[in-house]
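Structure record follows, encoded as structure tokens.
Number of protein chains: 2
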Amino acid sequence: MCGTDLQLLRGSAPFTGIPGHEFVGTVIDAPRADSRWIGRRVVGEINIGCGRCEWCRNRIKEHCPNRTVVGIRGRPGAFAERLALPAANLHEVPAEVDDEAAVFAEPVAAACRILEQVEVSADRTVAVIGDGRLGLLIAQVLMTTGATVVVHGRHEWKLRIARALGLEAYADAAAPAARHDIVVEATGRGEGLNRALELVKPRGTIVLKTTCDGDSSWTGWKAVVDEVRLIGSRCGPFAPALALLQSGAVKTKPLVTGWFSLADHQAAFDAARSGLKVLLDPHLE
Amino acid sequence: MCGTDLQLLRGSAPFTGIPGHEFVGTVIDAPRADSRWIGRRVVGEINIGCGRCEWCRNRIKEHCPNRTVVGIRGRPGAFAERLALPAANLHEVPAEVDDEAAVFAEPVAAACRILEQVEVSADRTVAVIGDGRLGLLIAQVLMTTGATVVVHGRHEWKLRIARALGLEAYADAAAPAARHDIVVEATGRGEGLNRALELVKPRGTIVLKTTCDGDSSWTGWKAVVDEVRLIGSRCGPFAPALALLQSGAVKTKPLVTGWFSLADHQAAFDAARSGLKVLLDPHLE
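In order, the protein sequences belong to chains Z and Y.
Everything in the first sequence is counted per our numbering, starting at 11 for the first residue and increasing by one.
Everything in the second sequence is counted per our numbering, starting at 11 for the first residue and increasing by one.
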């Protein structure tokens with residue numbers, strides 16, 4: 011479960027059907043041409059393009075205007091016993107990455123997307139605002155670049171987990187006064203952006219990760235006066251994400267709040283609202 | 011006069027004193043080291059840095075935290091008979107650029123700033139939203155790259171001026187449905203940003219030029235889903251701006267609403283509110 015699932019449940023998008031887009035599973039059937047996948051343990055990219063538009067021809071299915079997205083847009087998701095996906099979307103999970111870690115491949119890929127968009131190097135300082143599921147993955151991914159990374163959060167128990175993961179983490183109000191080259195806004199709340207504008211240096215970069223529904227208020231003129239660059243950032247590459255999970259550079263165990271059966275979905279959603287990562291297992295009774 | 015002057019008059023910033031930051035004048039006095047400037051007709055960059063901070067050491071006085079800005083921040087402006095400025099800020103005006111055109115050097119420089127920040131090339135399509143003073147200068151500057159530029163506005167009489175300047179210009183509601191590689195938000199209103207999000211392609215760029223005071227509302231999640239890049243853009247380089255005015259690539263005559271004396275300042279401000287560019291001339295009676 012991720013924050014997007016909670017938003018969909020609140021009705022933030024016109025999606026009906028089975029949600030869920032962070033998953034691991036075993037391929038049980040495939041067309042003959044893809045039969046080599048049968049029996050393999052896989053994770054999967056969640057965007058499926060039309061295959062014909064300019065975006066698809068450039069292999070950027072994430073922006074195909076006619077795309078479906080697993081459990082988010084026009085396609086059944088992973089809170090289910092079975093799920094269908096084109097073989098082109100599959101990535102085999104290395105043996106060292108257990109199921110509990112493998113479900114993080116999708117959000118870790120979304121974190122890796124930042125490295126495709128912004129030059130994050132060892133001489134940069136980065137603030138990640140948001141101590142939730144995504145924030146703590148992003149901070150770990152950015153740490154692999156050698157950059158100085160600090161997490162700003164609002165929940166002491168999550169900040170303790172951040173520190174256990176080796177991250178420098180502060181209650182936002184108590185964080186050292188500093189402005190950063192890069193600020194990642196991963197609070198899940200519209201108000202996070204104004205805080206990002208306070209924390210970023212002039213001509214610095216704000217990475218936008220929050221997809222909360224509806225409009226929100228921001229002090230746009232500050233972005234103009236400081237000539238800030240803001241970059242919307244969504245889905246990312248699975249191969250480096252799996253490599254980071256395999257090497258242990260990104261740790262996920264402290265982020266798991268609990269496992270639930272599909273029958274216990276109500277308790278699972280409740281736990282996801284107050285906790286970090288909640289896993290649904292169709293094989294649990 | 012520019013939109014910022016009207017905002018300052020409304021109290022949008024804690025500035026008191028003489029406003030005005032778009033000007034042309036003749037140097038009447040200078041310290042001995044700068045005496046070669048005396049008698050020359052000049053325009054001037056408006057940011058003055060402390061000379062000691064990291065920004066100033068990197069020659070980016072526009073972001074010096076202790077900067078003053080002519081007529082905007084901590085320094086008397088140009089609605090006056092005389093004005094003091096460091097010689098380093100001066101640019102001599104070519105003879106071919108008359109006074110009425112020379113006052114546009116500062117906003118044309120701000121338009122040229124976009125070319126430093128964003129790659130605008132002949133294969134790109136650009137929409138400029140806003141048919142005001144700045145929008146019509148930006149559109150002309152971007153046209154010099156060979157890019158396809160369209161202006162979206164709300165005032166038929168300004169759109170007619172845009173067309174007279176050789177620009178493709180539409181009433182926003184009647185503009186052809188298209189999404190652009192680059193959208194420049196120069197409406198002077200917070201609402202302009204959501205329109206920019208509608209007009210920009212996925213992974214496209216929005217240049218933010220509006221510095222209207224206060225907070226405004228926007229649909230931030232759209233920027234994330236479409237992975238849009240937004241870039242705040244402020245002051246720019248004077249040398250290319252003067253060259254564009256000299257060559258006639260940027261035309262200013264149709265943008266001038268009228269000339270007023272300092273004594274007629276009230277009428278001048280009224281004209282600036284409803285018109286395009288208003289000039290104050292201290293030598294007018």
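Quick reminder that beta carbons are idealized off the backbone N, C-alpha and C, glycines included.
Here the structure is a predicted model, which is why all the values come from computation and not from measurement.
Anyone know if the C-beta pair for residue i and residue j falls short of 7 Å?
i: leucine 175 of chain Y; j: lysine 261 of chain Y; result: yes
i: glycine 59 of chain Z; j: arginine 77 of chain Z; result: yes
i: valine 151 of chain Z; j: cysteine 122 of chain Z; result: yes
i: valine 161 of chain Y; j: leucine 177 of chain Y; result: yes
i: phenylalanine 248 of chain Y; j: histidine 101 of chain Y; result: yes
i: leucine 290 of chain Y; j: leucine 265 of chain Y; result: no
i: threonine 220 of chain Y; j: glycine 198 of chain Y; result: yes
i: proline 117 of chain Y; j: leucine 95 of chain Y; result: no
i: valine 193 of chain Y; j: alanine 206 of chain Y; result: yes
i: proline 29 of chain Y; j: phenylalanine 89 of chain Y; result: yes
i: threonine 229 of chain Y; j: aspartate 225 of chain Z; result: yes
i: valine 34 of chain Y; j: isoleucine 56 of chain Y; result: no
i: glutamate 237 of chain Y; j: leucine 218 of chain Y; result: no
i: proline 104 of chain Y; j: glutamine 256 of chain Y; result: yes
i: alanine 259 of chain Z; j: threonine 155 of chain Z; result: no
i: leucine 252 of chain Z; j: leucine 240 of chain Y; result: no
So the candidates are the options; which of them puts its Cα closest to the Cα of residue i?
i: glutamate 32 of chain Y; options: Y:Asn68, Y:Ala112, Y:Ser22, Y:Arg67; result: Y:Ala112
i: alanine 185 of chain Y; options: Y:Glu208, Y:Ser227, Y:Trp269, Y:Asp274; result: Y:Glu208
i: glutamate 106 of chain Z; options: Z:His162, Z:Val52, Z:Leu100; result: Z:Val52
i: glutamate 201 of chain Z; options: Y:Ile56, Y:Ser227, Y:Val217; result: Y:Ser227
i: alanine 97 of chain Z; options: Z:Gly142, Z:Ser45, Z:Ala23, Z:Gly140; result: Z:Ser45
i: tryptophan 167 of chain Z; options: Z:Thr14, Z:Gly142, Z:Thr155, Z:Ala187; result: Z:Gly142
i: aspartate 223 of chain Z; options: Y:Cys222, Y:Trp231, Y:Ala188; result: Y:Trp231
i: glycine 140 of chain Z; options: Z:Thr36, Z:Arg20, Z:Arg83, Z:Leu203; result: Z:Leu203
i: glutamate 91 of chain Z; options: Z:Arg170, Z:Ala188, Z:Ile38; result: Z:Ile38
i: proline 212 of chain Z; options: Y:Gly21, Y:Trp65, Y:Gly81, Y:Val234; result: Y:Trp65
i: lysine 287 of chain Z; options: Z:Glu110, Z:Ala40, Z:Ala253; result: Z:Glu110
Have a look at residue i and residue j and give me their C-alpha separation to the nearest angstrom.
i: glutamine 276 of chain Y; j: cysteine 245 of chain Z; result: 54 Å
i: alanine 157 of chain Z; j: alanine 137 of chain Z; result: 10 Å
i: valine 210 of chain Z; j: alanine 132 of chain Z; result: 17 Å
i: glycine 87 of chain Z; j: arginine 173 of chain Y; result: 51 Å
i: glutamine 17 of chain Y; j: histidine 190 of chain Y; result: 30 Å
i: glycine 27 of chain Y; j: glycine 214 of chain Z; result: 31 Å
i: arginine 164 of chain Y; j: aspartate 182 of chain Y; result: 6 Å
i: cysteine 63 of chain Y; j: proline 75 of chain Y; result: 8 Å
i: alanine 281 of chain Z; j: serine 284 of chain Y; result: 57 Å
i: asparagine 99 of chain Y; j: tryptophan 47 of chain Y; result: 11 Å
i: leucine 294 of chain Z; j: cysteine 12 of chain Z; result: 20 Å
i: proline 250 of chain Y; j: isoleucine 124 of chain Y; result: 12 Å
i: isoleucine 216 of chain Y; j: glycine 61 of chain Y; result: 32 Å
i: phenylalanine 270 of chain Y; j: alanine 278 of chain Y; result: 6 Å
i: alanine 149 of chain Z; j: valine 128 of chain Z; result: 14 Å
i: aspartate 7 of chain Z; j: alanine 119 of chain Y; result: Summary: the structure shown does not reach residue 7 of chain Z, with chain Z confined to residues 11 through 295, and so no result is reported for it.
i: glycine 81 of chain Z; j: leucine 93 of chain Z; result: 10 Å
i: threonine 36 of chain Z; j: proline 292 of chain Z; result: 13 Å
i: glycine 21 of chain Y; j: threonine 135 of chain Y; result: 37 Å
i: alanine 187 of chain Z; j: leucine 169 of chain Z; result: 18 Å
i: isoleucine 171 of chain Z; j: threonine 14 of chain Z; result: 22 Å
i: lysine 71 of chain Z; j: arginine 69 of chain Y; result: 42 Å
i: alanine 40 of chain Y; j: leucine 254 of chain Y; result: 28 Å
i: alanine 233 of chain Y; j: glycine 84 of chain Z; result: 21 Å
i: arginine 67 of chain Y; j: glutamate 126 of chain Y; result: 20 Å
Run the proximity test for residue i: is its beta-carbon closer than 6 Å to any non-hydrogen atom belonging to the ligand COA?
i: valine 53 of chain Y; result: No copy of the ligand COA appears in this structure; indeed no ligand is present at all.
Can you pull out the residues from the region 153-183 of chain Z whose beta carbon lies closer than 8 Å to at least one beta carbon of chain Y? none
Could you please tell me which residues of the region 217-238 of chain Z, in chain order, have their CB closer than 9 Å to any CB of chain Y? Leu218, Lys219, Thr220, Thr221, Cys222, Asp223, Gly224, Asp225, Ser226, Ser227, Trp228, Thr229, Gly230, Trp231, Lys232, Ala233, Val234, Val235, Asp236, Glu237, Val238
Between the region 24-45 of chain Z and chain Y, which residues of the former have a C-beta closer than 7 Å to a C-beta of the latter? none
Using a Cβ-Cβ cut-off of less than 7 Å, list which residues of the region 239-252 of chain Y approach chain Z; keep chain order. Arg239, Leu240, Ile241, Gly242, Ser243, Arg244
Contact list for the region 205-216 of chain Y against chain Z, Cβ threshold 8 Å: Pro212, Arg213
Closer than 7 Å between beta carbons: that is the criterion. Which residues of the region 56-89 of chain Y meet it against chain Z? His73
Unbroken stretches of the beta strand (DSSP E), 3 residues or longer, contained in the region 160-189 of chain Z: 178-181
Length-filtered (3 minimum) beta strand (DSSP E) runs lying within the region 209-254 of chain Y: 210-218, 226-228, 239-242
Ordered list of beta strand (DSSP E) runs contained in the region 76-118 of chain Z, each at least 3 residues: 100-102
Could you run through the region 191-203 of chain Z and flag, in chain order, every residue whose CB is less than 8 Å away from some CB of chain Y? Gly200, Leu203
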